[in-house]
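The numbering of the sequence shown is the working numbering, which starts it at 2 and goes up by one.
Beta carbons: idealized from backbone N, C-alpha and C, even for Gly.
Note that the structure is a prediction, hence the values are computed from the model and not measured.
First the structure, in the form of structure tokens, and then the observations on it.
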Amino acid sequence: MATEQVLPFSVVSVVEEILQQHGNGTGTRSREIDLASRKADEASLRRYEAAGWLRKMIGVVGGKDLPAEPSEEEFLLGLRSGIILCNVINKVQPGAVPKVVEGPCDSVTVPDGAALSAFQYFENVRNFLVAVEEMGLPTFEASDLGQGGKSARVVNCVLALKSYNEWKQNGGVGTWKYGGSLKPNTVELGNPS
């Protein structure tokens with residue numbers, strides 16, 4: 002008869018260790034969910050920061066259409082008319098958008114009775130995007146403000162404008178470059194890089 006040998010480890014502990022190292026379906030899925038959750042949380046925080054800065058720049062009355070902590074949909078909806086965006090860029094860079102359509106009272110009625118406000122609001126957004134591009138900031142597509150738009154690109158644009166404004170407020174020394182982070186990269190004049 003064969004004698005049983007006692008091993009210094011248990012088979013269960015070896016299997017558990019292998020599953021932890023190489024992942025089983027549950028562990029991998031859990032990590033993917035955690036990563037997606039962290040990315041969503043980070044996107045929310047960036048959106049809240051962008052909304053907070055926009056509201057601070059134009060005041061509570063001007064920012065009445067933009068909640069302090071908006072959902073993705075509320076954020077896009079609040080900026081869709083371009084009014085907030087144009088007013089903020091004009092505070093950062095006076096005269097960047099010479100004419101801003103402010104509200105329904107500005108809408109023009111054509112002979113068939115249709116209001117042109119949607120077209121005029123599109124003009125606000127287009128003028129904002131032209132000004133942002135001329136400043137060398139990251140832009141987005143006007144369609145990103147619509148349902149199903151890419152809010153991350155809109156948030157990135159707003160945070161770049163915020164960073165540019167902070168750089169200007171601090172004296173605007175050197176060349177402003179946006180590296181995708183929340184802080185600008187600057188190059189000192191006379192210091193070749």
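Alpha carbon to alpha carbon, what distance is there between VAL98 and VAL111? As a working mapping, residue 111 is identified with position 110 in the sequence shown. As a working mapping, residue 98 is identified with position 97 in the sequence shown. Low local confidence applies: a pLDDT of 41 at VAL111 is under 50, so the model's placement there is unreliable, with the coordinate-based value given in what follows. Taking the straight line joining both Cα atoms gives about 25 angstroms.
Please work out which residues of its chain come closer than 7 angstroms, Cβ to Cβ, to CYS158, disregarding the five sequence neighbours upstream and downstream, and give them in chain order. Numbered from 1 along the sequence shown, position 157 holds the residue referred to as residue 158. Result list for CYS158: VAL133, LEU138, PRO139, THR140, PHE141, in chain order.
Decide if SER144 is buried, meaning its Cβ has at least 16 other Cβ atoms within 10 Å, or exposed. In the sequence shown, the residue the question calls residue 144 occupies position 143. Label assigned to SER144: exposed.
Alpha carbon to alpha carbon, what distance is there between GLU74 and ILE85? Counting from one through the sequence shown, the residue named residue 85 turns up at place 84. Counting from one through the sequence shown, the residue named residue 74 turns up at place 73. Those two C-alpha atoms are separated by around 16 angstroms.
Cα-Cα separation between SER152 and ASN171, rounded to whole angstroms: As a position in the sequence shown, residue 152 is number 151, starting the count at 1. As a position in the sequence shown, residue 171 is number 170, starting the count at 1. SER152 and ASN171: Cα-Cα distance of roughly 29 angstroms.
Near PRO71, which residues of its chain fall below 6 angstroms by C-beta distance, leaving aside the five closest residues on each side in sequence? In the sequence shown, the residue the question calls residue 71 occupies position 70. Hits under 6 angstroms: ALA52.
Sorted by chain position, which residues of the same chain lie with C-beta nearer than 7 angstroms to GLY150's C-beta, five sequence neighbours on each side aside? Counted from its first residue, the sequence shown places residue 150 at position 149. Excluding sequence positions up to five before and after GLY150, its CB lies within less than 7 angstroms of the CB of LEU77, SER144, all in the same chain and listed in chain order.
Per-residue burial, GLN121 [other beta carbons within 10 Å of its own, 16 or more giving buried]: Within the sequence shown, the letter at position 120 stands for residue 121. Buried is the call here.
Given a cut-off of 8 angstroms on the beta-carbon distance, is the pair ASN128 and SER82 in contact? Your numbering for residue 128 matches position 127 in the sequence shown. Your numbering for residue 82 matches position 81 in the sequence shown. No; because the gap between Cβ atoms is not below 8 angstroms, this pair is not in contact.
So, VAL89 versus LEU55, is the Cβ gap smaller than 8 angstroms? Within the sequence shown, the letter at position 88 stands for residue 89. Within the sequence shown, the letter at position 54 stands for residue 55. In this structure, LEU55 lies closer than 8 angstroms to VAL89 by Cβ.
Give the secondary structure of LYS151 by DSSP, where H, G and I count as helix, E and B as strand, and everything else as coil. As a first step, residue 151 is located in the sequence shown; it is residue number 150 there, counting from the start. LYS151 sits in coil when the DSSP states are folded into three classes, being neither helix nor strand.
Collapsed DSSP secondary structure at LYS178 in the structure displayed: The residue labelled residue 178 in the question sits at position 177 within the sequence shown. Looking at LYS178 - three-state DSSP - the assignment turns out to be strand.
Minimum C-alpha distance to LEU146 - residue among ALA119, ARG39, LYS65: Position 145 of the sequence shown, counted from the first residue, corresponds to residue 146. Among ALA119, ARG39, LYS65, the Cα nearest to that of LEU146 is on ALA119.
Identify which residue in SER164, VAL156, GLY60, TRP168 has its Cα closest to the Cα of GLU43. Within the sequence shown, the letter at position 42 stands for residue 43. When each option's Cα is compared against that of GLU43, the closest is VAL156.
Express the C-alpha separation of MET58 and GLY79 in angstroms, rounding to a whole number. Here the question's residue 79 lines up with position 78 in the sequence shown. Here the question's residue 58 lines up with position 57 in the sequence shown. Spanning the two alpha carbons is a distance of roughly 15 angstroms.
Just to confirm, does GLN121 get its C-beta within under 7 angstroms of one of the non-hydrogen atoms of the ligand COA? With respect to the ligand COA, the structure offers nothing, as it holds no ligand at all.
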